[in-house]
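Report on one structure; see the data block that follows.
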Amino acid sequence: NAGVTQTPKFQVLKTGQSMTLQCAQDMNHEYMSWYRQDPGMGLRLIHYSVGAGITDQGEVPNGYNVSRSTTEDFPLRLLSAAPSQTSVYFCASSPGLAGVSSYNEQFFGPGTRLTVL
Amino acid sequence: AQSVSQHNHHVILSEAASLELGCNYSYGGTVNLFWYVQYPGQHLQLLLKYFSGDPLVKGIKGFEAEFIKSKFSFNLRKPSVQWSDTAEYFCAVSGGYNKLIFGAGTRLAVHP
Numbered sequence: 001n002a003g004v005t006q007t008p009k010f011q012v013l014k015t016g017q018s019m020t021l022q023c024a025q026d027m028n029h030e031y032m033s034w035y036r037q038d039p040g041m042g043l044r045l046i047h048y049s050v051g052a053g054i055t056d057q058g059e060v061p062n063g064y065n066v067s068r069s070t071t072e073d074f075p076l077r078l079l080s081a082a083p084s085q086t087s088v089y090f091c092a093s094s095p096g097l098a099g100v101s102s103y104n105e106q107f108f109g110p111g112t113r114l115t116v117l
Numbered sequence: 118a119q120s121v122s123q124h125n126h127h128v129i130l131s132e133a134a135s136l137e138l139g140c141n142y143s144y145g146g147t148v149n150l151f152w153y154v155q156y157p158g159q160h161l162q163l164l165l166k167y168f169s170g171d172p173l174v175k176g177i178k179g180f181e182a183e184f185i186k187s188k189f190s191f192n193l194r195k196p197s198v199q200w201s202d203t204a205e206y207f208c209a210v211s212g213g214y215n216k217l218i219f220g221a222g223t224r225l226a227v228h229p
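One line per chain: the protein sequences are A and B, in this order.
Residue numbers are given in the working numbering: position 4 of the first sequence equals residue 4, and the series is strictly consecutive.
To convert, count from 1 in the second sequence and add 117; that's the working numbering.
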């Protein structure tokens, strides 16, 4: 198993550009999520999904869209990039169903380092 | 609202020194607690987790953590650190739907 994969590893955007960060997992996990990591702030939840077709907002959803058309993929879209979105983005997945296995370990991808100029 | 507080942002130790990283959380219900580690240039990996039972949890690489419900704490410990333990450590609490609330992290530097 490849686990959780993310592409690209690095990206530089200009303010106002849009792009999609890709995330895929081959473990048949129900739960997937996106976090951003900023110095001194830990990881903050952007959006999450408890299964195909179901998504919800996390702590910092503004400026980001997600969709979950398949179990495997959970792309994160930046609609109009802003310098405040410069960060490292991590995708994670977990086998737990909503509200049932909240103790399950989350498996993280390698991250995408995004710079918005 | 749920929150996680890590008291030490930077810790510098010499090899063989003992380590304790503080973590306090704020949450009204049943908690599931985690410690993750991020080695330089790598993604987050689970060190250990607590969801019920024995409050002293043992994880990988000689790490352990103790859940003290009365103090809302889940401190990470290791009796003797190695240079290879240099990393950033994150405490997290599960807030339902597998949503993790992370602390700000503690950067540990271990000098030979």
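In this text, a Cβ means the ideal position worked out from N, Cα and C, and glycines have one as well.
Exercise. If you drop the 5 nearest sequence neighbours on each side, which residues of the same chain put their C-beta closer than 7 Å to that of F168 of chain B?
Worked result: As a working note, residue 168 of chain B is residue 51 in the second sequence. Here the set comprises N149.
For this session: Determine the burial state of S226 of chain B: buried for a count of at least 16 other Cβ atoms within 10 Å of its Cβ, exposed for fewer.
Result: By one-based count along the second sequence, residue 226 of chain B stands at place 109. According to the sequence as given, residue 226 of chain B is Ala; it is not Ser. Flag for A226 of chain B reads exposed.
Exercise. In angstroms, rounded to a whole number, what distance separates the CA positions of L163 of chain B and Q106 of chain A?
Worked result: Taking the first residue of the second sequence as position 1, residue 163 of chain B is located at position 46. Taking the first residue of the first sequence as position 1, residue 106 of chain A is located at position 106. Near 8 Å, if we compare the C-alpha coordinates of Q106 of chain A and L163 of chain B.
Problem set entry | Sequence-distant residues of the same chain with beta carbon closer than 8 Å to V128 of chain B, five excluded per side | Sequence index remark: in the second sequence, residue 128 of chain B carries index 11 (1-based). Result list for V128 of chain B: L136, L138, T223, R224, L225, A226, in chain order.
For this session: Starting from the N-terminal side, write out each stretch of the beta strand (DSSP E) that is 3 residues or longer and does not extend beyond the segment 167 to 197 of chain B.
Result: Listed in chain order, the complete beta strand (DSSP E) runs (minimum 3 residues) inside the segment 167 to 197 of chain B are 173 to 175, 181 to 185, 190 to 195.
Exercise. Leaving out the 5 sequence neighbours to the left and right, which residues in its chain are closer than 6 Å to A133 of chain B when beta-carbon positions are compared?
Worked result: As a first step, residue 133 of chain B is located in the second sequence; it is residue number 16 there, counting from the start. Contacts found: S197.
Exercise. What first and last residue would you give for the beta strand (DSSP E) that runs through Y64 of chain A?
Worked result: As a first step, residue 64 of chain A is located in the first sequence; it is residue number 64 there, counting from the start. First-last of the beta strand (DSSP E) with Y64 of chain A: 64 to 66.
Problem set entry | Contact list for L163 of chain B against chain A, beta-carbon separation under 7 Å | Locating residue 163 of chain B in the second sequence gives position 46, counting from the first residue. Listed along chain A are E105, each with a C-beta nearer than 7 Å to that of L163 of chain B.
Exercise. Which residues bound the beta strand (DSSP E) around H127 of chain B?
Worked result: To locate residue 127 of chain B, count along the second sequence from 1; it is residue 10. Counting along the chain, the beta strand (DSSP E) containing H127 of chain B begins and ends at 127 to 131.
Exercise. Is there a Cβ from chain B that is less than 7 Å from the Cβ of P8 of chain A?
Worked result: Taking the first residue of the first sequence as 1, we reach residue 8 of chain A at position 8. Chain B, which has no Cβ nearer than 7 Å to the Cβ of P8 of chain A, makes this no.
For this session: Kindly provide the ranges of any beta strand (DSSP E) runs that are 3 or more residues long and lie completely inside the segment 29 to 62 of chain A, ordered along the chain.
Result: Contiguous beta strand (DSSP E) elements confined to the segment 29 to 62 of chain A occur at 31 to 38, 42 to 51, 54 to 57, taking only those with 3 or more residues.
Exercise. Mind checking G111 of chain A: buried by the 16 CB within 10 Å criterion, or exposed?
Worked result: By 1-based counting over the first sequence, the position of residue 111 of chain A is 111. Classification for G111 of chain A: buried.
Exercise. Should the segment 14 to 24 of chain A be called in touch with the segment 68 to 84 of chain A, which here means at least 3 C-beta pairs below 8 Å?
Worked result: Counting Cβ pairs under 8 Å, three or more are found: they touch.
Exercise. Does the segment 3 to 10 of chain A touch the segment 79 to 95 of chain A, meaning 3 or more C-beta pairs lie closer than 8 Å?
Worked result: Three or more Cβ pairs closer than 8 Å define a contact, and the segment 79 to 95 of chain A meets that threshold against the segment 3 to 10 of chain A.
Exercise. With burial defined as no fewer than 16 other Cβ atoms inside 10 Å of the residue's Cβ, what is the status of S84 of chain A: buried or exposed?
Worked result: Sequence index remark: in the first sequence, residue 84 of chain A carries index 84 (1-based). Exposed, because fewer than 16 other Cβ atoms sit within 10 Å of the Cβ of S84 of chain A.
Problem set entry | Given H47 of chain A as reference, the closest of A:Q57, A:F10, A:P39 once Cα atoms are compared | Here residue 47 of chain A refers to the residue found at position 47 when the first sequence is read from its first residue. For H47 of chain A, the nearest C-alpha among the options comes from A:Q57.
Exercise. Does the beta-carbon of W152 of chain B have 16 or more other beta-carbons within 10 angstroms, so that it is buried, or is it exposed?
Worked result: Within the second sequence, the letter at position 35 stands for residue 152 of chain B. Buried, by the Cβ-count rule.
Problem set entry | Close-in-space but distant-in-sequence residues of the same chain around H124 of chain B (CB under 7 Å, 5 per side omitted) | Here the question's residue 124 of chain B lines up with position 7 in the second sequence. Around H124 of chain B: G139.
For this session: Look up D73 of chain A in the DSSP assignment and give the residues it is bridged to.
Result: Locating residue 73 of chain A in the first sequence gives position 73, counting from the first residue. Under DSSP, D73 of chain A takes part in a beta bridge, and its partners are A:A24.
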